[in-house]
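The letter at position 75 of the sequence shown is residue 74 when you use numbering that gives the first Met the number 0, and the numbering goes up by one with no holes.
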Amino acid sequence: MSIRINTLKVEKGKIYKDLSSRGIKLLPVEGLLEFASIVKKSETVVGGSPEYLAGFYTIQGISSFFPVISLSPEEGEKILDIAAAPGGKTSFISQLMKNSGLIIANDKNKFRIKSLVNSIHRLSVKNSLVTNYDGSIFPFIMKGFDKVLIDAPCTGTGIISHDKTIKTRKTTRSIWVNSLLQQQLLLAAIDSCNENSGKGGYIVYSTCSILVEENESVIQYALDKRGVQIVPTGLDIGMPGYIKYKNVLFDPKMKECKRFFPHIHNTDGFFICKLKKIKK
0 MSIRINTLKV EKGKIYKDLS SRGIKLLPVE GLLEFASIVK KSETVVGGSP
50 EYLAGFYTIQ GISSFFPVIS LSPEEGEKIL DIAAAPGGKT SFISQLMKNS
100 GLIIANDKNK FRIKSLVNSI HRLSVKNSLV TNYDGSIFPF IMKGFDKVLI
150 DAPCTGTGII SHDKTIKTRK TTRSIWVNSL LQQQLLLAAI DSCNENSGKG
200 GYIVYSTCSI LVEENESVIQ YALDKRGVQI VPTGLDIGMP GYIKYKNVLF
250 DPKMKECKRF FPHIHNTDGF FICKLKKIKK
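Here it is in structure tokens:
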């Protein structure tokens, strides 16, 4: 289990000391020392401590840090999180932006919106506006964002260690249904992004799936349909994306994407790709 320290509300040194007194021993994560820690030992419920309820930290998988780090949000920017619930990445974006600028945190599922709002309130996020729209039509509602994050709904094949029923519940049909949805959401994310933004024009696509059908294939679809190009993620770890799968060849720059595997990186299975929208 890993946690993210919420520097919007507390200093790292203080929370380490407070949690240690409650029997929660933390191990800092190399490269994410300011934010992330692995719970090495706990004598109490990590998600039930007063510090957790006060929003001093939140439980978040290490792999879910990477899309936000790749997005590289800066203070004062206008950012869209097109599938934001339950809010871990939205709140991390706000943390990096130091509660400045504007984040539109959107999610289609009105029931998941509750967890998103809860996270925003608990973690003292003040620069976010929550919306409840179908992400695929979002460009018709609002556009012109400096950067867009799309943590797409997927089959979850990268988190089977958390939910072993995925192996029996997911079918070939569900893979293709998800792939179609991901294509629609990614095109919407691209259309919502402002290619003329001085510091932006970037879209980060991620899934907790290891399937090519939900990752490289979706990116290739976007490359064929929109004026975007793959750029380096800015991450020093992870394996390169595939440029060939079976008899299918992908864009050579697909190797700039990042893949994470549980048995190699000791994280959830994850895929990340960063796109730059080309100016017209």
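Where is the CB? At the ideal position from N, CA and C, for every residue including glycine.
Source: prediction; values computed, not measured.
How long is the line joining the alpha carbons of residue i and residue j, rounded to whole angstroms?
i, j, result
"Glu42", "Val176", "43 Å"
"Asn131", "Pro231", "31 Å"
"Gly75", "Arg172", "42 Å"
"Ile174", "Lys276", "27 Å"
"Phe139", "Ala188", "11 Å"
"Thr170", "Leu180", "16 Å"
"Phe280", "Tyr220", "Outside the shown range of the chain, which is 0 to 279, sits residue 280, and nothing can be said about it."
"Ile202", "Ser114", "24 Å"
"Lys252", "Met238", "13 Å"
"Asp17", "Leu128", "32 Å"
"Gly30", "Lys77", "26 Å"
"Ile14", "Glu73", "25 Å"
"Gly12", "Leu25", "11 Å"
"Gly46", "Ile271", "28 Å"
"Ile236", "Met96", "23 Å"
"Arg258", "Ser48", "34 Å"
"Tyr51", "Asp106", "24 Å"
"Gln59", "Ser36", "10 Å"
"Asn117", "Ala53", "12 Å"
"Lys109", "Pro152", "15 Å"
"Ser90", "Val124", "6 Å"
"Pro261", "Lys243", "22 Å"
"Met0", "Val44", "12 Å"
"Tyr204", "Cys256", "10 Å"
"Asp162", "Asp133", "26 Å"
Which class does residue i belong to by DSSP, given the choice of helix, strand or coil?
i, result
"Leu101", "strand"
"Leu184", "helix"
"Tyr132", "coil"
"Tyr204", "strand"
"Pro239", "strand"
"Thr43", "coil"
"Asp17", "helix"
"Pro66", "helix"
"Ile58", "strand"
"Ser196", "coil"
"Ile2", "strand"
"Ser281", "The structure shown has nothing for residue 281, since the chain only spans 0 to 279."
"Ile81", "coil"
"Lys88", "helix"
"Leu7", "coil"
"Ser48", "coil"
"Leu179", "helix"
Hey, residue i and residue j are a contact pair by Cβ (cut 8 Å); roughly how many whole angstroms apart?
i, j, result
"Leu248", "Lys224", "About 18 Å separates the two Cβ atoms, so there is no contact after all."
"Cys207", "Gly268", "6 Å"
"Phe55", "Asn5", "6 Å"
"Asp190", "Pro66", "That pair is no contact at about 19 Å."
"Asp145", "Ser196", "4 Å"
"Ile103", "Ile92", "Actually they are not in contact, since the Cβ atoms of Ile103 and Ile92 sit about 11 Å apart, beyond 8 Å."
"Ile229", "Asp250", "7 Å"
Cβ of residue i within 8 Å of Cβ of residue j?
i, j, result
"Ile2", "Thr57", "yes"
"Ile81", "Val28", "no"
"Thr164", "Leu210", "no"
"Tyr241", "Glu212", "no"
"Arg111", "Ala84", "yes"
"Asn126", "Gly100", "yes"
"Ser71", "Gly233", "yes"
"Gln94", "Ser135", "no"
"Lys166", "Ile159", "yes"
"Ile23", "Val9", "no"
"Asn98", "Leu7", "yes"
"Glu194", "Lys278", "yes"
Handout entry: Contained beta strand (DSSP E) runs [length at least 3] in the region 214-279, N- to C-terminal order
Key = 227-230, 257-259 and 269-276
Problem - Residue ranges of each beta strand (DSSP E) within the region 138-171, 3 or longer - result: 146-150
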